[in-house]
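Numbering (the working numbering), first residue to last: 90 to 503.
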C-alpha cells in the first residue's frame, strides 16, 4: 500500500516538472490523485509517529498532518485571490474579483464534509457492526469546547462580511490554547495500528524515525507542488465546461484532500476503535475552523502586499453562516460524549439535504434549520445543557490545572 501511494504521486510529479498539459480537467485530475497519494503518506507517517508522543498531542498531530493538503489547497486559493488583477480596482471601490470567493468556498465545503459526513460515517459504521452508540471520553473536552468557541466566533465574521487579521489573531489564540492543553496530556496508550503504520513501528527506532521523516518531507513537498496547479485546474475546468467554479472548489477539492483522514478514521472504526477515528476527525475540524481560517487573511494580505481583510460577499456569508450552524448543531450533539445512529442520521441527512439547495436563500434556510434543531435539543432535552455545562467546567479546570492553579475535577452529568 505504501508503494502504491508513492506511485500515484509520480504522474503529478512528472507533469509538474517536465510536461505541460493544456487540458485543465485532465491536469486537475492527475494533481488531485497526487494529492490523495501524498495525503495518505502523511496520514500513515502521522499514525506511526503518534507512538512517540503524548496521547492528546498525537491526535492533534495526526489531524494537523492529514489535513495539510487542505491547508495547501486553501492557501493556494488565498494567494491566487490576493494576486488577482482585479485587486487594484477593488481597492478603489470596485467590485470584488471572483477569485475572492474561492478560499471561503473550499474552507466551508471541507468543514461541512468533516462534521456532516465524516463524523456520522464513523458512528454509523460502528453502529452497524455492534448496534452500539459511540461513547466518547472527557479527554475530548478541549476539542469540543474550542470547536464550539471557534464556530460561535465565526458569527462575528459573518456579521462583518470579512475575515480580518484581528480575526486571525483570535483564532490563532484559540488554536494555541487547544495545542497547549492537548500537548500536556498523559502518555499515549498502546494501540494496534492499521496497515502501513503497523509495519513502520516494527522497524528499529532510528530507522523508524528516518522513514517517518522521509514520508513527511516527501509528502509535504509533493502537496505544496500539487496544490497550486490543482486549484488552478479546478477553476479552469469550471470555465471550460460552464460549471460553477465555486461548487467545484467547494466539493471536489475537499473530497481529494479529506479522503485520507476519513480513510484512517474508517480503518480504526472497522477495527472496533471508533473513538480514535472520530477523535481525529473532531480534531481536524478544530484545526480547520481555527488555524485554517486564521491563515486565510494572512496569506491573502501577503499576496496583496499589505494588510487587507478577505471580504465575504452575500454568497460566502451564507456559506459561513450555514457552516457555523452545522458545527454548532454537531458540537451540541457530541457534547454529552455519546452519539448513536439517530444523531448520526440527523447529521448526514441534513448534510445531504443541503447539497441540493444551493441558492443563498436556501443556504440561510438550512442554517436556520440547524440552529432551530440545536435550540430544540437544548429546550426539549435538557441533558444537552448539563453536558455543555460539564464540558465548560472540565475545560476551565483543565486550563487551571495546566497553568498550575489547581487540580482538575470531573463535572457531574445531570
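Note that CB positions come from ideal geometry on N, CA and C, so glycine has one too.
Under 7 Å between C-beta atoms of residue i and residue j
i: residue 124; j: residue 100; result: no
i: residue 466; j: residue 428; result: no
i: residue 230; j: residue 480; result: yes
i: residue 285; j: residue 91; result: yes
i: residue 373; j: residue 350; result: yes
i: residue 379; j: residue 264; result: yes
i: residue 355; j: residue 127; result: no
i: residue 401; j: residue 205; result: no
i: residue 448; j: residue 403; result: no
i: residue 319; j: residue 121; result: yes
i: residue 430; j: residue 208; result: no
i: residue 270; j: residue 477; result: no
i: residue 343; j: residue 202; result: yes
i: residue 168; j: residue 392; result: yes
i: residue 244; j: residue 455; result: no
i: residue 200; j: residue 377; result: yes
i: residue 327; j: residue 334; result: yes
i: residue 415; j: residue 459; result: yes
i: residue 267; j: residue 235; result: yes
Spatial distance of residue i from residue j (CA atoms)
i: residue 352; j: residue 251; result: 34 Å
i: residue 399; j: residue 385; result: 7 Å
i: residue 457; j: residue 434; result: 19 Å
i: residue 138; j: residue 338; result: 31 Å
i: residue 106; j: residue 317; result: 13 Å
i: residue 442; j: residue 493; result: 47 Å
i: residue 191; j: residue 340; result: 11 Å
i: residue 324; j: residue 194; result: 12 Å
i: residue 132; j: residue 473; result: 33 Å
i: residue 177; j: residue 359; result: 53 Å
i: residue 314; j: residue 462; result: 42 Å
i: residue 308; j: residue 347; result: 15 Å
i: residue 181; j: residue 397; result: 13 Å
i: residue 411; j: residue 453; result: 6 Å
i: residue 489; j: residue 345; result: 40 Å
i: residue 221; j: residue 375; result: 26 Å
i: residue 228; j: residue 140; result: 18 Å
i: residue 464; j: residue 237; result: 15 Å
i: residue 166; j: residue 219; result: 42 Å
i: residue 297; j: residue 482; result: 40 Å
i: residue 471; j: residue 249; result: 33 Å
Supposed close pair residue i, residue j - CB separation, criterion 8 Å
i: residue 423; j: residue 301; result: No, residue 423 and residue 301 are not in contact; Cβ-Cβ is about 31 Å, not under 8 Å.
i: residue 426; j: residue 225; result: 4 Å
i: residue 130; j: residue 304; result: 5 Å
i: residue 116; j: residue 102; result: With a Cβ gap of about 13 Å, residue 116 and residue 102 do not count as contacting.
i: residue 198; j: residue 186; result: Not quite, the Cβ-Cβ distance comes to about 20 Å (not below 8 Å), so this is no contact.
i: residue 390; j: residue 254; result: 7 Å
i: residue 188; j: residue 173; result: 4 Å
Exposed unless 16 or more other CB atoms sit within 10 angstroms - verdict on residue i
i: residue 256; result: buried
i: residue 417; result: buried
i: residue 112; result: exposed
i: residue 98; result: buried
i: residue 163; result: buried
i: residue 367; result: buried
i: residue 136; result: buried
i: residue 183; result: exposed
i: residue 363; result: buried
i: residue 109; result: exposed
i: residue 289; result: buried
i: residue 381; result: buried
i: residue 241; result: exposed
i: residue 394; result: exposed
i: residue 294; result: exposed
i: residue 158; result: buried
i: residue 93; result: exposed
i: residue 468; result: exposed
i: residue 310; result: exposed
i: residue 444; result: exposed
Beta-bridge pairing of residue i - partner residues as DSSP gives them
i: residue 399; result: 252
i: residue 427; result: 224
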